[in-house]
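**Student:** Residue numbers (the working numbering): 4 to 629. C-beta: ideal position from N, C-alpha, C; glycine also. Computed from a predicted structure; not experimentally measured.
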């Protein structure tokens with residue numbers, strides 16, 4: 004059984020409470036970090052959605068905002084209430100600016116509570132707490148205008164006792180810089196008579212010593228006599244060697260130095276004893292007064308935690324309003340019964356903040372009839388951006404935030420899943436493909452028809468046919484069985500025909516334009532399948548040598564030809580080659596440049612050519628081979 008002292012040390016810890024997961028959109032930490040909603044480390048905080056959206060003014064608000072992002076809502080009434088509160092601040096700019104100005108001075112009340120519980124609190128902590136209580140009183144008129152229920156889960160009726168604590172702290176604790184227990188000036192004069200008497204005695208010590216020194220000079224006739232003190236001998240009378248014969252009998256020698264002698268008297272010893280005693284008593288009394296205030300504060304831990312919760316939540320509300328105002332976000336419409344993600348003019352807030360007006364906004368519509376979107380198209384065209392954007396808008400909608408789009412209607416989801424990027428787990432001995440399959444299996448086990456699923460290039464980590472087969476089966480499963488809202492990005496163009504034949508699927512691509520070999524990424528999302536991936540063009544943009552690009556184009560041509568069964572393998576330092584079966588039996592394929600030379604040779608009539616003409620033609624053929 005815990006002692007009273009032990010139990011008091013836990014007063015800053017909130018009571019445990021049951022969390023009903025049915026009331027939240029369930030989203031895993033890997034999903035939140037994979038979508039860059041939460042940072043993977045402190046160094047990447049500003050590169051995450053949370054860092055971008057964080058316009059809080061207090062440490063309390065910053066921590067609560069992260070909690071809000073980690074626990075999106077699934078109850079429409081709660082989401083609407085948050086939206087209304089954010090909307091209130093957007094409609095009342097003067098109140099928003101006033102609140103932001105007041106919040107900036109609010110210290111971390113939860114950390115102060117922890118310091119109080121562990122006996123580490125100082126006077127500044129109490130003064131900061133009193134200031135927070137005072138600011139809350141000033142904010143009451145503003146808080147009363149918030150939508151009904153905005154702070155109902157926190158409760159505000161139990162905060163009256165804090166005003167008494169605030170008055171005690173402000174009347175008792177000295178707020179002057181440098182005040183401390185050691186100096187005997189932590190407690191303000193006038194709050195305790197005994198403390199004032201002791202303080203007067205210690206504060207007047209220098210005057211008393213000056214008077215005593217002057218009297219000793221008159222009595223002895225030694226004008227250079229000094230009354231001093233140090234940490235070793237305490238108080239003493241110092242007389243130079245030349246005047247030692249004038250020292251009266253009442254002076255007792257304490258120390259002999261090269262140039263002087265040091266003495267004491269019964270009177271000086273009594274004064275020293277009284278001074279040391281007064282100083283010790285003053286420090287002890289001030290500690291006792293301070294301890295009583297700490298005890299009073301500790302007894303109000305529940306009320307202080309409520310106050311901290313209020314500050315945290317109103318800071319979150321104003322932060323969501325401020326970012327919505329700055330970034331021109333719009334209020335989304337949410338539905339419980341409809342399966343829908345309908346976005347007009349949507350954008351990825353982090354990317355748009357960098358490239359500004361160059362960002363091309365997207366329209367996307369998934370619903371109960373067409374709930375599966377297969378996104379094909381080139382690398383760098385923006386497929387992943389679109390998917391991240393949709394996930395971000397869904398999550399922001401369900402935390403009660405405004406969203407980056409001109410119009411949004413979404414249904415409330417129960418799960419948000421994503422499988423993005425490539426990663427391995429060396430400690431668990433899992434390859435990139437193994438991790439990908441494990442995460443996909445997790446999605447299949449838990450996804451429902453009310454979920455939102457984001458999948459990027461599943462199956463790319465293995466052989467072409469294996470990867471295509473897995474992707475094909477997944478598409479069929481998500482369309483025919485899970486029937487969740489799903490965006491599936493892939494380079495397997497064979498899936499385009501499959502999706503076209505499925506009632507619940509639609510093909511999407513990020514539009515490109517090919518002008519005589521120059522590919523322009525238009526970044527517009529359109530409802531059709533991609534014609535090609537432009538992978539070699541992207542490789543060119545990345546700086547691959549022209550020799551590799553040319554060879555890649557040649558191999559691609561061979562693979563895409565009607566009898567695409569073989570690839571020519573070049574011998575080292577030659578252009579000649581042998582054929583290697585790619586999928587089946589070897590069939591010879593003659594490269595195009597050799598076909599042209601063969602045609603030229605067949606057209607030549609050697610009997611009608613002069614020796615010079617024959618030599619020139621041979622030279623031309625040799626040049627074509629180089």
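Which one of 199, 55 and 557 has the shortest CA to CA distance from residue 284?
**Tutor:** If you number the chain shown from 1, residue 284 lands on position 281. Looking at the Cα atoms, 199 is the closest of the given residues.
**Student:** Whole angstroms is fine: what's the gap from residue 290's alpha carbon to residue 131's?
**Tutor:** As a first step, residue 290 must be located in the chain shown, where it is residue number 287. As a first step, residue 131 must be located in the chain shown, where it is residue number 128. Each residue's Cα considered, the two are about 19 Å apart.
**Student:** Closer than 8 Å is the cut-off here; do at least three beta carbon pairs connect the region 469-477 with the region 363-380?
**Tutor:** no
**Student:** Looking at the strands, I want to know which residues DSSP matches up with residue 190.
**Tutor:** The residue labelled residue 190 in the question sits at position 187 within the chain shown. Per DSSP, 176.
**Student:** Please confirm if the region 493-505 is in contact with the region 397-412, defined as three or more CB-CB distances below 8 Å between the two stretches.
**Tutor:** Judged by Cβ distances under 8 Å, the region 493-505 makes no contact with the region 397-412, as fewer than three pairs qualify.
**Student:** What residue range does the alpha helix (DSSP H) around residue 386 cover?
**Tutor:** Taking the first residue of the chain shown as 1, we reach residue 386 at position 383. Residue 386 -> alpha helix (DSSP H) spans 386-401.
**Student:** Can you tell me where the alpha helix (DSSP H) holding residue 322 begins and where it ends?
**Tutor:** On the chain shown, position 319 is the one that residue 322 refers to. 304-330 is the span of the alpha helix (DSSP H), which, as asked, contains residue 322.
**Student:** Am I right that residue 137 and residue 169 are in contact with their C-beta atoms under 8 Å? What's the rounded C-beta distance?
**Tutor:** Within the chain shown, numbered from 1, the residue matching residue 137 stands at position 134. Within the chain shown, numbered from 1, the residue matching residue 169 stands at position 166. Indeed, because the Cβ distance is near 6 Å, the residues count as touching under 8 Å.
**Student:** Along the beta strand (DSSP E) that carries residue 241, what are the first and last residues, could you check?
**Tutor:** For the purposes of this step, residue 241 is taken as the residue at position 238 of the chain shown. It spans 237-243 - the beta strand (DSSP E) in which residue 241 sits, taken as one unbroken run.
**Student:** Nearest-angstrom Cα distance between residue 307 and residue 371?
**Tutor:** Position 304 of the chain shown, counted from the first residue, corresponds to residue 307. Position 368 of the chain shown, counted from the first residue, corresponds to residue 371. Those two C-alpha atoms are separated by around 48 Å.
**Student:** Counting Cβ pairs, one atom from each stretch, are 3 or more of them under 8 Å apart for the region 37-56 and the region 305-321?
**Tutor:** no
**Student:** Express the C-alpha separation of residue 171 and residue 214 in angstroms, rounding to a whole number.
**Tutor:** On the chain shown, residue 214 is found 211 positions in, with the first residue counted as 1. On the chain shown, residue 171 is found 168 positions in, with the first residue counted as 1. One C-alpha to the other measures close to 38 Å.
**Student:** Determine contact between the region 377-385 and the region 407-415, defined as no fewer than three beta-carbon pairs at a distance below 8 Å.
**Tutor:** no
**Student:** Could you check which residue in 177, 201, 384 and 190 has the C-alpha nearest to that of residue 533?
**Tutor:** By 1-based counting over the chain shown, the position of residue 533 is 530. For the residues 177, 201, 384 and 190, the minimum Cα distance to residue 533 belongs to 384.
**Student:** Can you name the start and end residues of the beta strand (DSSP E) that residue 413 belongs to?
**Tutor:** For the purposes of this step, residue 413 is taken as residue 410 along the chain shown, with counting starting at 1. Per DSSP, the continuous beta strand (DSSP E) segment holding residue 413 begins and ends at 410-414.
**Student:** If we count Cβ pairs, one from each stretch, closer than 8 Å, do we get three or more for the region 67-77 versus the region 37-44?
**Tutor:** yes
**Student:** Is there a C-beta anywhere in chain B that falls below 7 Å from the one on residue 27?
**Tutor:** Of the protein chains in the structure, only one exists, and it is not chain B.
**Student:** For residue 325, which option in 28, 614, 92 and 597 has the closest C-alpha, if you only look at C-alpha atoms?
**Tutor:** On the chain shown, position 322 is the one that residue 325 refers to. Closest by alpha carbon: 92.
**Student:** Is residue 625 buried or exposed, if buried means 16 or more other CB atoms sit within 10 Å of its CB?
**Tutor:** Stepping through the chain shown from its first residue, residue 625 is reached at position 622. So residue 625 counts as exposed.
**Student:** In the DSSP output, what is residue 368 paired with across the bridge?
**Tutor:** Indexing the chain shown from 1 puts residue 368 at position 365. According to DSSP, residue 368 bridges with 345.
**Student:** For residue 345, which of 264, 313 and 335 has the nearest alpha-carbon?
**Tutor:** Along the chain shown, read from residue 1 onward, the residue named residue 345 stands at position 342. Of 264, 313 and 335, the residue nearest in Cα terms is 335.
**Student:** Inspect the CB distances between the region 382-396 and the region 83-103 and report whether three or more fall short of 8 Å.
**Tutor:** no
**Student:** Would you mind reading off the limits of the alpha helix (DSSP H) that contains residue 468?
**Tutor:** Position 465 of the chain shown, counted from the first residue, corresponds to residue 468. Residue 468 -> alpha helix (DSSP H) spans 467-480.
**Student:** Do residue 460 and residue 492 have their CB atoms nearer than 7 Å?
**Tutor:** Here residue 460 corresponds to residue number 457 of the chain shown, with the count starting at 1. Here residue 492 corresponds to residue number 489 of the chain shown, with the count starting at 1. Yes, these two residues count as a Cβ contact at 7 Å.
**Student:** What would DSSP say about residue 77, mapped onto helix, strand or coil?
**Tutor:** Locating residue 77 in the chain shown gives position 74, counting from the first residue. Residue 77: coil per DSSP, three-state reduction.
**Student:** Buried or exposed: residue 359, going by 16 or more other Cβ atoms within 10 Å of its Cβ?
**Tutor:** Working through the chain shown from its first residue, we reach residue 359 at position 356. By the 10 Å Cβ count, residue 359 comes out exposed.
**Student:** Tell me, please, whether the region 267-283 touches the region 225-244 by the rule of three or more beta-carbon pairs shorter than 8 Å.
**Tutor:** With a cut-off of 8 Å, the region 225-244 and the region 267-283 count as touching, because enough Cβ pairs lie within range.
**Student:** Using the rule of at least 16 other Cβ atoms within 10 Å of the residue's Cβ for burial, across every protein chain shown, is residue 510 buried or exposed?
**Tutor:** Locating residue 510 in the chain shown gives position 507, where the first residue counts as 1. Answer is buried; the Cβ neighbour count reaches 16.
**Student:** Can you give the beta carbon distance from residue 263 to residue 250, rounded, assuming they're within the 8 Å contact cut?
**Tutor:** As a working mapping, residue 263 is identified with position 260 in the chain shown. As a working mapping, residue 250 is identified with position 247 in the chain shown. That belief does not hold up - the Cβ atoms of residue 263 and residue 250 are roughly 11 Å apart, past 8 Å.
**Student:** Could you pull the start and end residues of the beta strand (DSSP E) that residue 376 belongs to?
**Tutor:** As a position in the chain shown, residue 376 is number 373, starting the count at 1. Its beta strand (DSSP E) spans residues 375-379.
**Student:** What's the call for residue 45, buried or exposed, on a 16-neighbour Cβ count within 10 Å?
**Tutor:** Along the chain shown, one-based indexing puts residue 45 at 42. Residue 45 comes out exposed.
**Student:** From residue 58 to residue 321, what distance separates their C-alpha atoms?
**Tutor:** What you label residue 58 is simply residue 55 of the chain shown in a count that begins at 1. What you label residue 321 is simply residue 318 of the chain shown in a count that begins at 1. Take the alpha-carbon of residue 58 and the one of residue 321: they are about 8 Å apart.
**Student:** Sort out for me which residues DSSP pairs residue 492 with in a bridge.
**Tutor:** Numbered from 1 along the chain shown, position 489 holds the residue referred to as residue 492. 378 and 459, per the DSSP bridge assignment.
**Student:** Let me know if residue 561 comes out buried or exposed under the rule of 16 or more other beta-carbons within 10 Å of its beta-carbon.
**Tutor:** Against the chain shown, residue 561 aligns to sequence position 558. By the neighbour-count rule (16 or more Cβ atoms within 10 Å), residue 561 is buried.
**Student:** Report yes if the C-beta distance between residue 126 and residue 118 is below 7 Å; otherwise report no.
**Tutor:** Here residue 126 refers to the residue found at position 123 of the chain shown. Here residue 118 refers to the residue found at position 115 of the chain shown. Contact flag unset, no.
**Student:** Does DSSP classify residue 438 as helix, strand or coil?
**Tutor:** The count along the chain shown starts at 1 and reaches residue 438 at position 435. Secondary structure at residue 438: helix, using DSSP grouped into helix, strand and coil.
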